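Report on the structure given below.
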Amino acid sequence: VQPSHGDDGAPSLITLPIEVRPRCAVIRCAVADIDFGAVAQGAPTVRPLELRNVGSLPGVVSLSELLGPGGQPMREGGTPPFRLLPARLEVAAGGSATARVECSAAELGEASCTLRLRVDDEREHAPAAPAVGLCAVVERQALELRDSESGEPLTAVSFGRLFYGLEARRVITAVNTGPSAVDFAFLNPSADADADETGTFDPHAASLSIEPAMGLLPPHGTCTIEAIFRPTSEPNASSDAKGFLASPETEPD
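In this text, residue positions in the sequence shown follow the working numbering: the first is 1, and each later residue adds one.
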């Protein structure tokens, strides 16, 4: 730069910084942290991770390592709570791509780590890629059937003894204990069959129905279900009921 002279006649210099960036892939993540919130134990939960390449060469992104609390590499062996999908993802120069981070933790409680990425391009050494913090709260996921009055888990539903042509109803509460929605359907295989495995028709199973027979429970939701026993066939000579149709205890499935 051409020097100029101040009022005192002394020359002054103007310094301009010059930065030269080598051609390489430079990957940036759209977010610094991903919070999965509450997830079901052992059930895969996926969140997107947008990657941008602000460099001048295409780069291939892969998982470098997972760092646990304190920045220590997570122990080898077993299934890690988080993983990057796909295992390798190419991001064009000046472009973007979306990877997926999957949480599939087996242990209940809080799960957290730092996902450190690796970038490879046509140069021997590429700039270090960023790291992303990951966290989740792992909860038990189950569909439970409980007694509507006591709230205790059901091991069986007994209808007692009933004349054929009448009906007995029992109210059951279905509880979704987990953070994910659950589809449910009650199956009564003998009800649609003419005979059981021994070739003998089972009037008890054929006379049992559930309302509603299927549905969707939201996370931590409940649903009231009615089990209905309507004996419609007269007991035969071999029946233990002797004029009644006795309901067998029905185990929830």
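Cβ atoms here follow ideal geometry from the backbone N, Cα and C, with glycine treated the same way. Since the model is a prediction, treat every value here as computed from it, not as a measurement.
Reduced DSSP secondary structure (H/G/I, E/B, other) of residue i
| i | result |
| --- | --- |
| Gly-70 | helix |
| Ala-136 | strand |
| Asp-121 | coil |
| Pro-17 | coil |
| Ser-64 | strand |
| Phe-201 | Residue placement at Phe-201 cannot be trusted, given a pLDDT of 47 that sits under 50; the coordinates are not used to answer. |
| Thr-222 | strand |
| Glu-149 | coil |
| Gly-109 | strand |
| Pro-32 | Looking at the sequence provided, one finds Ala at residue 32 rather than Pro. Reduced to three states, the DSSP call for Ala-32 is coil. |
| Pro-231 | coil |
| Ser-56 | coil |
| Ala-191 | In this prediction, Ala-191 scores a pLDDT of 48, lower than 50, which makes its location untrustworthy; the coordinate-derived value is nonetheless stated afterwards. Helix at Ala-191. |
Residue i burial status per 10 Å Cβ neighbour count (16 or more: buried)
| i | result |
| --- | --- |
| Val-26 | buried |
| Val-182 | buried |
| Asp-33 | exposed |
| Phe-186 | buried |
| Pro-151 | Position check: residue 151 holds Gly in this sequence, whereas Pro was assumed. Gly-151 comes out exposed. |
| Leu-85 | exposed |
| Ile-14 | exposed |
| Gly-59 | buried |
| Gly-71 | exposed |
| Arg-54 | In the sequence under discussion, the amino acid at residue 54 is Val, which differs from the Arg named in the question. It is exposed - the Cβ of Val-54 has fewer than 16 other Cβ atoms within 10 Å. |
| Ser-207 | buried |
| Leu-16 | exposed |
| Phe-159 | buried |
| Ala-111 | buried |
| Leu-66 | buried |
| Leu-216 | exposed |
| Gly-178 | buried |
Residue of the options minimising C-alpha distance to residue i
| i | options | result |
| --- | --- | --- |
| Ala-93 | Arg-28, Thr-173, Ser-209 | Arg-28 |
| Phe-82 | Arg-100, Gly-95, Leu-89 | Arg-100 |
| Arg-118 | Ile-172, Leu-63, Phe-163 | Leu-63 |
| Pro-69 | Ala-168, Gly-55, Leu-134, Glu-152 | Leu-134 |
| Glu-211 | Gly-178, Pro-231, His-220, Val-171 | Val-171 |
| Gly-109 | Leu-13, Glu-226, Phe-36, Thr-222 | Phe-36 |
| Pro-218 | Leu-208, Val-175, Glu-226, Ile-225 | Val-175 |
| Leu-145 | Val-31, Val-61, Glu-226 | Glu-226 |
| Ala-213 | Phe-159, Val-46, Thr-222, Phe-184 | Phe-184 |
| Asp-120 | Ala-97, Ala-156, Arg-88, Val-132 | Arg-88 |
| Ala-30 | Ala-106, Leu-143, Pro-48, Ser-104 | Pro-48 |
| Val-46 | Ser-180, Glu-90, Gly-215, Thr-224 | Ser-180 |
| Ser-104 | Arg-116, Arg-161, Pro-80 | Pro-80 |
| Glu-149 | Thr-173, Glu-107, Pro-22 | Thr-173 |
| Cys-113 | Ala-131, Ala-106, Arg-123 | Ala-131 |
| Ala-142 | Arg-123, Thr-222, Val-61 | Thr-222 |
| Gly-95 | Ala-106, Arg-52, Arg-116, Glu-102 | Arg-52 |
Which residues DSSP lists as bridging residue i, in chain order
| i | result |
| --- | --- |
| Leu-208 | Phe-229 |
| Thr-173 | Arg-146, Thr-224 |
| Cys-103 | Thr-45, Phe-82 |
| Ser-96 | Arg-52 |
| Glu-90 | Val-60 |
| Val-182 | Leu-217 |
Do three or more CB pairs link the segment 36–53 to the segment 134–144 at distances below 8 Å?
Judged by Cβ distances under 8 Å, the segment 36–53 makes contact with the segment 134–144, as three or more pairs qualify.
Is there contact here, the segment 152–171 with the segment 213–233, by at least three beta-carbon pairs under 8 Å?
Cβ pair count under 8 Å is three or more, so yes.
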